[in-house]
């Protein structure tokens, strides 16, 4: 059996159900899609003006084609005729729609009042919202109200729906629980609430309206003050759906092989992902660092031909630069990202030594600016565009931006002998007689004649901070937390790690036995290392508190 053509807009999410159940829910899905679209607050913004493209028959006189003005000048009657007949031609304006940065978050009531018909309405809503999230390239997150706040259902929709169906609670959520969950979401998230008595434009409730001898046959659904009566699937298939028998099967996967050795951890971007090298030069591992103290998950392994040279997470995409057979290439793990995979070129164009790129050093960062990527080879930063030769930049250091400047990297470039120009972030700065400098946490830090006195600039309206770093140590990272800056340093031979703040110095004893170079996150107060037992350790860069560990198998 195949789905009707009328359900084509929801064909992707409906693969999580059998065609029979998808067809039975079809009338409800189509009507709910209309109601949910009407409940969204306002139309999508037109986007940013991006020039003119195309020709149309409607528009403002200032966008008339030059040929039409020629008609007006040479043959006024023909111009008037074309105007009355709607035959005049105008330039059409083009817009670039802003790309959504949030998630579609669905908060679900799994209490006793949602059993039966309301549960089927929730299932249909999840299908509709999954289709909306997919069309907007947004992540779908389902949270069951009244469960552990750390429990989130994401990823494969088939697994989301099965997990949602198996969670049934003996009491409805309280208004306080609903408010707390809503408060935990980000401002950019699109939050929907299914089944509770909460109020708001994106709250969906349902209750039985009509019954037959076999059970409920129709249901009343309310969204944003609008109420509509919808038919339910036939009792036989409805019961099978509520028992999970009409959900698509999930093919079991064989046991995963051991992780293997972990080495050279590196924070290379603004996300919470830690990258590591594996057993060979072409093996890259990635693990997400949770925010709520949960243990680290199993790292994801990626294998490439040649040597992994640089990699960074850009949103939900992993961008990897490899060197194979004398050629640099860019790989995108995730949704394709413009023409990044057309960037690269022979190593000869980068003035680099192939023998020095063996995979025995930490992974380098990859940053992006509009239409190009930036990565470091040796001591030089290179700018690469698709199908163009690489260009060596004048920058001596680059780091990801933070907050409202997260899409604008921090950069330093020389402006004269021992002078540096800091750009990106809140405000450009020129520092004179610079002997050393750091970028991190959205801040600039540098020292001049006195190598122990570091000046830190964090924000335009914030006073400049001064930190003192003793002689004989090597500053390796700059972090900012709650507006306060700190410098992380190592002693000779990386035997001792310290955090230097305005309150004094702190020795991070748990981080002084690293076998690989210590890595400091470029935007967050995080550090990571591999200890002498081969475990990866992640912790707080200022307090030294160990947040998570990951053991190789």
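Residue numbers (the working numbering): 3 to 555.
Heads up, the beta-carbon is just placed ideally off N, CA and C, and yes, glycines get one too.
In the three-state DSSP reduction, residue 269 falls in the coil class, being neither helix nor strand. Out of 92, 426, 456 and 500, the CA that lies nearest to the CA of residue 435 is found in 456.
Under the criterion of beta carbons closer than 8 Å, residue 453 and residue 432 do not qualify as touching, at roughly 20 Å.
For residue 352, no alpha helix (DSSP H) encloses it, and the DSSP letter there is neither H nor E. Note on residue 459: 16 or more other CB atoms within 10 angstroms of its CB, so buried under the neighbour-count rule. Residue 30 and residue 292 have their C-alpha atoms spaced approximately 38 Å apart. With distances taken between CA atoms, residue 399 lies nearest to 440 out of 420, 387 and 440. In the structure shown, the three-state DSSP call for residue 398 is coil. When rounded, the separation of the alpha-carbon atoms in residue 136 and residue 197 is 23 Å. Ranked by Cα distance from residue 369, the options 273, 302 and 287 are led by 273. Nearest in C-alpha terms to residue 466, of all of 283, 202 and 482, is 482. Per the coordinates, the alpha-carbon of residue 301 lies some 6 Å from the alpha-carbon of residue 287. For residue 127, the uninterrupted alpha helix (DSSP H) run begins and ends at 119-137, by DSSP. The DSSP-derived three-state label of residue 446 is strand.
By the 16-neighbour rule on beta-carbons within 10 angstroms, residue 87 is exposed. Contact between residue 306 and residue 322 holds: CB atoms are separated by about 7 Å, below the 8 Å threshold. Leaving aside the five residues that flank residue 360 on each side, the residues in its chain whose CB is nearer than 8 Å to its CB run, in chain order, 283 and 309. Per DSSP, residue 543 is not a residue of any beta strand (DSSP E), being assigned neither H nor E. Contact check for residue 384 and residue 393: beta-carbon distance about 7 Å, within the 8 Å limit, so the pair qualifies.
With contacts defined by Cβ atoms closer than 7 Å, residue 546 and residue 498 do not form a contacting pair. Bridge partners of residue 95 according to DSSP: 54.
Between residue 443 and residue 525, the beta carbon gap of about 6 Å places them in contact (Cβ cut-off 8 Å). The beta carbon of residue 304 sits closer than 6 Å to those of 286, all from its chain and outside the five residues before and after it, given in chain order.
Judged by DSSP in its simplified three-state form, residue 359 adopts coil rather than helix or strand. Residue state for residue 534 is assigned as coil, using DSSP reduced to three classes. Three or more Cβ pairs closer than 8 Å define a contact, and the segment 112-125 meets that threshold against the segment 165-177.
In the structure shown, residue 25 falls within a helical segment according to DSSP collapsed to helix, strand and coil. Listed in chain order, the non-local C-beta contacts of residue 60 below 7 Å within the same chain comprise 92, local neighbours out to five positions each way being set aside. A straight line joining the alpha-carbon of residue 268 with that of residue 155 spans about 28 Å.
Beyond the five residues adjoining it in sequence on each side, residue 35 comes within less than 6 Å, by CB distance, of 130 in the same chain, given in chain order.
For the set 487, 479, 478 and 476, the Cα lying nearest the Cα of residue 468 is the one of 487. Here the alpha carbons of residue 14 and residue 160 stand approximately 11 Å from one another. Between residue 477 and the set 464, 470 and 491, the nearest pair of CA atoms involves 491.
A direct Cα-Cα distance of roughly 23 Å separates residue 548 from residue 315.
Taking a contact as a CB-CB distance under 8 Å, the pair residue 542 and residue 519 does not count as one, their CB atoms being some 19 Å apart. By the neighbour-count definition (other C-beta atoms within 10 Å, threshold 16), residue 57 is an exposed residue.
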